Amino acid sequence: MTCAFDLDHYRELLRSIHAGGYRYAGFDAPPESGVAIVRHDVDLSLDAAVRLAEIEAEAGAWSTWFLMTRSVFYNLDSSEGERAVARLRELGHRVAHHAVWPAVDLDERFDRVVAWHNPDPEYMSAPVDGATNVMAAPWFNAEHYRSDSNQRWRHGCPHEQLARGEFEWLQLLIHPEIWAYGGATMGETMRSFLDADRAARLEHLRADRIDLA
Ligand SMILES: [Zn+2]
Ligand SMILES: [Zn+2]
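For what it's worth, the working numbering labels the leading residue of the sequence shown as 77, then goes sequentially.
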């Protein structure tokens with residue numbers, strides 16, 4: 077088993093969570109023994125988010141999706157953004173807020189849970205008024221946390237440890253773009269994302285009745 081960042085291995089990761097006997101949980105209660113709290117920070121692509129969300133639903137999984145209101149890459153207020161939020165909810169997932177310091181735009185679209193985008197250590201774990209900060213205790217604990225940031229697992233891909241039930245509980249951060257777009261390196265994967273984004277934007281231009289002849 078090679079631990080590639082692709083959709084097949086994402087399915088394998090979900091099978092490992094199942095094999096390890098974990099049950100899915102969110103951020104509405106302190107983590108209990110035996111839970112897998114799967115979290116997604118959506119930095120770049122709502123398409124990638126919806127694709128992974130559908131794969132999770134097929135596997136009987138659910139997770140919490142952290143969406144940005146101030147992304148330079150996507151617009152949650154667009155029709156595409158509204159469709160993505162509706163689809164995530166319809167699939168049984170939770171939707172929370174991926175905030176850009178110091179702005180917190182918690183409106184009715186979001187559960188009252190915040191994950192900061194690229195946080196500095198000074199505020200990463202600080203309390204957030206009226207919301208749960210996912211990087212604060214008891215949800216965050218370094219031994220119970222794994223992240224795929226930049227296609228680099230600090231302690232290796234956790235799928236085998238999950239399958240063996242070695243984590244008492246785990247918060248698992250998955251960036252959907254890393255798995256949804258092809259590429260052996262982060263640079264290649266980002267270029268795949270940009271190619272797909274360009275094609276999608278050409279379609280938006282056509283839909284806006286721009287003459288592309
Ligand atoms: Zn793996
Ligand atoms: Zn982020």
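Even glycine gets a Cβ: it sits at the ideal position worked out from N, Cα and C.
Quick caveat, the model's predicted, so the values are computed rather than measured.
- In this structure, His173 has its CB at a distance of at least 7 Å from all heavy atoms of ligand 2.
- Annotation: Met144 to Asp183 spans about 12 Å, alpha carbon to alpha carbon.
- For Tyr221, the pairing in a beta bridge is given by DSSP as Gln247.
- Cβ contact annotation for Val161 (same chain, cutoff 8 Å, sequence separation greater than five): Leu143, Leu152, Val171, Arg185, in chain order.
- Relative to His173, the option among Glu166, Leu83, Phe103 whose CA is nearest is Phe103.
- Within the same chain, and ignoring the five residues on either side of His231 in sequence, the residues whose Cβ sits closer than 8 Å to its Cβ are Arg222.
- Assignment of Tyr86 by DSSP, reduced to helix, strand and coil, places it in the helix class.
- Contact residues of ligand 2 (beta-carbon closer than 5 Å to any heavy atom; chain order) are Asp117, Asp119, His193.
- Less than 8 Å separates the beta-carbon of Ile254 from that of Thr265.
- DSSP places His169 outside both helix and strand once states are collapsed to three, so it counts as coil.
- Annotation for Val204: no alpha helix (DSSP H) segment contains it, and DSSP assigns it neither H nor E.
- Relative to Glu166, the option among Thr78, Thr140, His94 whose CA is nearest is Thr140.
- Cβ contact annotation for Ala191 (same chain, cutoff 6 Å, sequence separation greater than five): Asp117, Phe142, His174, Val210, in chain order.
- One residue after another in chain order, those with a Cβ under 5 Å from a heavy atom of ligand 1 are Cys79, Cys233, His235.
- Residue environment analysis places Arg282 among the exposed positions, since fewer than 16 neighbouring C-beta atoms fall within 10 angstroms of its C-beta.
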